[in-house]
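Q: Structure below; questions to follow.
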Amino acid sequence: MDHESFTDICLHQLKMSGVHDGESVVVLTQGDERLDYANAFMAAGRRLRANVYHVRLPPPPIENGWAVGKSQLAEMPEVVETLKSADMLIDCIFLLFSSEQMAIQAAGTRVLTVVEPPELLARMLPNKQLREKVELAGELLASAKHLRITSPHGTDVSYVIDSYPTLTEYACTDEPGRWDHWPSGFVFTGGNDDGVDGQIVVAPGDILLPQNMYVREPVVYTIENGWITDIRGGLEADLISAYMASFDDQRGLGMSHVGWGMNPDAHWHNLAPGLFPGGMGMEPRSFLGNVMFSTGPNNELGGQNDTACHLDIPMRNCSLFLDDEAIVLEGKIVPKTLQFS
Ligand code: FE2
């Protein structure tokens with residue numbers, strides 16, 4: 031995408047995120063990654079008369095896999111202090127799940143993750159209706175005590191959801207200390223630590239993230255008291271098990287966040303090209319009417335599990351019930367208030 035077009039979509043983003051005259055905005059990058067993002071945000075911020083800065087870290091150490099929650103900032107407390115003093119941080123690195131991001135948010139800085147390809151950012155711009163619908167969905171989820179997912183493939187799993195907060199993602203953020211991710215459009219919470227039981231059957235066509243793969247053979251998860259006790263299936267089940275084993279951390283078997291997708295601009299058939307960080311699957315995560323469960327860390331929600339072993343698994347054609355009320359039925363959103371015009 032050329033600089034001018036990129037600047038235009040970043041300007042839209044900064045307006046949606048309430049950036050105004052005199053605010054301080056920091057764009058964070060590392061190595062040679064996403065320097066064009068920094069340039070576009072700097073140009074857009076200047077048009078709004080904000081004070082925009084670019085903080086560029088050295089190249090990251092080479093990691094094996096997606097080690098969530100690990101960032102170079104752990105060794106750079108002086109940079110963390112700088113970021114805490116900003117009104118808004120544009121994170122082009124991916125700090126999510128790190129204690130450094132949590133400290134930055136706690137200081138009142140709003141944080142927006144921006145790592146997906148520019149073409150996807152342009153196609154999934156934040157808008158008022160998306161925010162309104164996601165916030166309504168978040169209210170429904172936050173008021174429920176029990177969540178159940180079923181599917182024609184044999185999923186039947188129950189989450190007790192009365193201990194963790196609900197988070198919303200609608201791709202912009204204008205409230206102090208709030209984090210969001212562009213693009214996005216979904217809601218989630220976490221099951222109680224010992225409150226998830228049943229079976230999840232990941233069906234052909236469902237998606238494994240961060241592998242960015244469509245499943246071809248069913249994967250059957252057995253879950254007892256909040257922990258995965260068995261994973262069975264074919265090739266994809268083997269890959270999941272091997273991936274999890276590579277972290278050598280049993281806490282990867284914990285159940286993490288759960289929720290559903292709310293963005294009508296997201297397509298299922300169109301995984302962003304390349305593996306993370308070239309495209310990390312925010313589009314299928316946001317797909318309207320998906321049901322997504324995840325495994326591993328729950329510290330993002332305030333839990334104790336901060337393992338780096340994390341999978342997100344969006345699924346199609348599932349049904350999701352809150353306190354026995356249907357919210358998603360076979361992949362379609364049921365409450366009229368959540369449907370898009
Ligand atoms: Fe996740």
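Per the numbering used here: the sequence shown = residues 31 to 371. Beta carbons are placed, not taken as given, at the ideal position from N, Cα and C, and that holds for glycine.
(1) Which residue or residues does DSSP assign as beta-bridge partners of M285?
(2) For D236, count neighbouring C-beta atoms within 10 Å of its own C-beta (all shown protein chains included) and say buried if the count is 16 or more, exposed if not.
(3) When the Cβ atoms of the segment 59–76 are set against those of the segment 225–241, are three or more pairs found closer than 8 Å?
(4) Leaving out five residues before and five after D295 in sequence, what residues of the same chain have Cβ atoms less than 7 Å from its Cβ?
(5) Going straight from the alpha carbon of W298 to that of Q369, what length do you get?
(6) DSSP three-state call for H340: helix, strand or coil?
(7) Hey, Y194 and T219: beta-carbon distance below 8 Å or not?
(8) Is any non-hydrogen atom of the ligand FE2 found closer than 7 Å to the C-beta of D342, if you look at the structure I gave you?
(9) Classify E105 as helix, strand or coil using the three-state DSSP reduction.
(10) My output table needs one value for V364: the three-state DSSP class, helix, strand or coil.
(11) Report the rounded CA-to-CA distance for K158 versus L359, giving the unit in angstroms.
(12) Which residues mark the beginning and the end of the beta strand (DSSP E) in which R346 is found?
(13) Measuring straight from C-alpha to C-alpha, what distance separates P365 and L119?
(14) Using the rule of at least 16 other Cβ atoms within 10 Å of the residue's Cβ for burial, across every protein chain shown, is K362 buried or exposed?
A: On the basis of the coordinates in this document:
(1) Indexing the sequence shown from 1 puts residue 285 at position 255. Answer by DSSP bridge pairing, in chain order: T325.
(2) As a first step, residue 236 is located in the sequence shown; it is residue number 206 there, counting from the start. Looking at its Cβ environment, which holds 16 or more other Cβ atoms inside 10 Å, D236 is buried.
(3) The segment 59–76 is not in contact with the segment 225–241.
(4) Taking the first residue of the sequence shown as 1, we reach residue 295 at position 265. Excluding positions up to five away in sequence, the list reads R153, M154.
(5) Translated into positions along the sequence shown, residue 298 becomes position 268. Translated into positions along the sequence shown, residue 369 becomes position 339. The straight-line gap separating the alpha-carbon atoms of W298 and Q369 is approximately 18 Å.
(6) Within the sequence shown, numbered from 1, the residue matching residue 340 stands at position 310. Coil.
(7) Position 164 of the sequence shown, counted from the first residue, corresponds to residue 194. Position 189 of the sequence shown, counted from the first residue, corresponds to residue 219. Contact: yes.
(8) Position 312 of the sequence shown, counted from the first residue, corresponds to residue 342. Result yes, Cβ under 7 Å from the ligand FE2.
(9) Walking along the sequence shown from the start, residue 105 turns up at place 75. Reduced to three states, the DSSP call for E105 is helix.
(10) Taking the first residue of the sequence shown as position 1, residue 364 is located at position 334. Three-state DSSP puts V364 in coil, outside helix and strand.
(11) Stepping through the sequence shown from its first residue, residue 158 is reached at position 128. Stepping through the sequence shown from its first residue, residue 359 is reached at position 329. The alpha-carbon atoms of K158 and L359 are separated by roughly 25 Å.
(12) As a first step, residue 346 is located in the sequence shown; it is residue number 316 there, counting from the start. That residue, R346, is in no beta strand (DSSP E); it is neither H nor E in DSSP.
(13) Position 335 of the sequence shown, counting from 1, holds the residue named residue 365. Position 89 of the sequence shown, counting from 1, holds the residue named residue 119. So the two alpha carbons sit approximately 35 Å from each other.
(14) By 1-based counting over the sequence shown, the position of residue 362 is 332. It counts as exposed.
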